[in-house]
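Single-structure report; data block below.
In UniProt numbering, the protein residues as written are 1 to 417.
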């Protein structure tokens, strides 16, 4: 009996996914609950297992294609004796219609099947595009015939004439014009998956909240010294002690005094929702885009515990191993541009939160201390807030208190618990 397995709704308003990796091919035997396919949702990579035991007849999409909820993911012959035939009976009156529909889709699938399949992670595909390489020409060495990043880089290092001889031309939408003094070239890439989610969330935030950003500089001489003293202890615990863990702890201390910054907006009910818990989102850059893993109940954790969580979640975020529920539910977000970032920025609010803190690189600058010019280690900070909900005056007090804690980090130890 033929069973058309349609893409299920795997939660959180999902309506489409990108096919990242098939674990099977037509003709393969598969058991119920065996991994069938790996898909990219708007937040993470998820595996979908087979609901039946049987033989794979057709795959519903090629690698890299987007498929919507309710569309056929795979066609599986699970045999007439399977108990599933009782669980998934096609409606009698729709049988002919579905048969016709399935037939059409099979024809479409067959047409797609003439194209060479490539198994590779999205980051590897992106690297190939950036290097101008047709990934189908790369010899895979990964498990299951997967093209790895090393494969792409090795291909790129081949002598040019060898590469050109073995690789078909990369399809581009380049447009060349003559008669004018310029040549225009462009390459187009679909906006989908995680990038699409970021795209939509940023637009929603920017065109909904009324963004206003305050900027300041913080003298972190003492913080640099304190962290240096604590590094050996943290290393013995196997934890990478970053400045960010101190900043997270300092923010939780200030949020307790200014709960409005730890709130969100329910526009439908026209209500401000004050949160009696503090979950700090950490905006983290990955190859696939920006994600926000969360340190939950950060106010109840030590600096070392926070550092350990940031280390673990950042690594898993970059490996795209975080689950969707680990990327939702923050109450306040911190965006760090790191040591190589700029001095200031305008962080975009993680809507429907009402504020976000941007922290930037630490630089040596001349500053005035006790009427003398000295060299200080200064860190830029940017604080964006929703001006519909928060006035400018409390923002000034929030930033001053945060600045006081970071310039005197021993106070954080007194406040922290």
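By construction, the Cβ of each residue, glycine as well, lies at the ideal position given by its N, Cα and C atoms. As the structure is a computational prediction, the values presented were derived from the model and not from experiment.
query, result
"Three-state secondary structure assigned by DSSP to residue 384", "strand"
"Contact under 9 Å by Cβ, residue 409 with residue 241", "no"
"Contact between the region 298–309 and the region 244–258 (3+ Cβ pairs under 8 Å)", "yes"
"Separation of residue 7 from residue 128, as counted between CA atoms", "28 Å"
"Rounded Cβ spacing between residue 148 and residue 141 (contact assumed at less than 8 Å)", "6 Å"
"Residues of its chain near residue 61, where Cβ-Cβ distance is below 6 Å and the 5 sequence neighbours each way are ignored", "19 and 67"
"Coil, strand or helix - residue 319 by DSSP", "coil"
"Residue 221 - DSSP class collapsed to helix/strand/coil", "helix"
"DSSP three-state assignment for residue 295, whether helix, strand or coil", "strand"
"Buried versus exposed, by CB contacts within 10 Å (16 or more), residue 302", "exposed"
"Start-to-end residues for the alpha helix (DSSP H) that takes in residue 393", "392–407"
"Inter-stretch contact (C-beta, 8 Å, three-pair minimum) for the region 347–355 and the region 189–209", "yes"
"Other residues of its chain near residue 3: CB distance less than 6 Å, five sequence neighbours each side excluded", "52, 76 and 78"
"Same chain, Cβ closer than 8 Å to residue 103, five either side skipped, listed in chain order", "No answer about residue 103 holds up, because its pLDDT of 40 lies below 50 and its placement is not dependable."
"Counterpart residues of residue 357 in DSSP-defined beta bridges", "334 and 383"
"Residue 401 to residue 292 span [Cα, whole Å]", "25 Å"
"Nearest neighbour of residue 32, chosen from 398, 5 and 254 [CA to CA]", "5"
"Sheet register partners of residue 49 (DSSP bridge)", "35"
"Distance CB(residue 334)-CB(residue 281) smaller than 9 Å", "yes"
"DSSP bridge partner residues for residue 149 (one or two, in chain order)", "DSSP lists no partner for residue 149."
"Extent of the continuous alpha helix (DSSP H) to which residue 201 belongs", "193–208"
"Backbone secondary structure at residue 141 - three-state DSSP", "coil"
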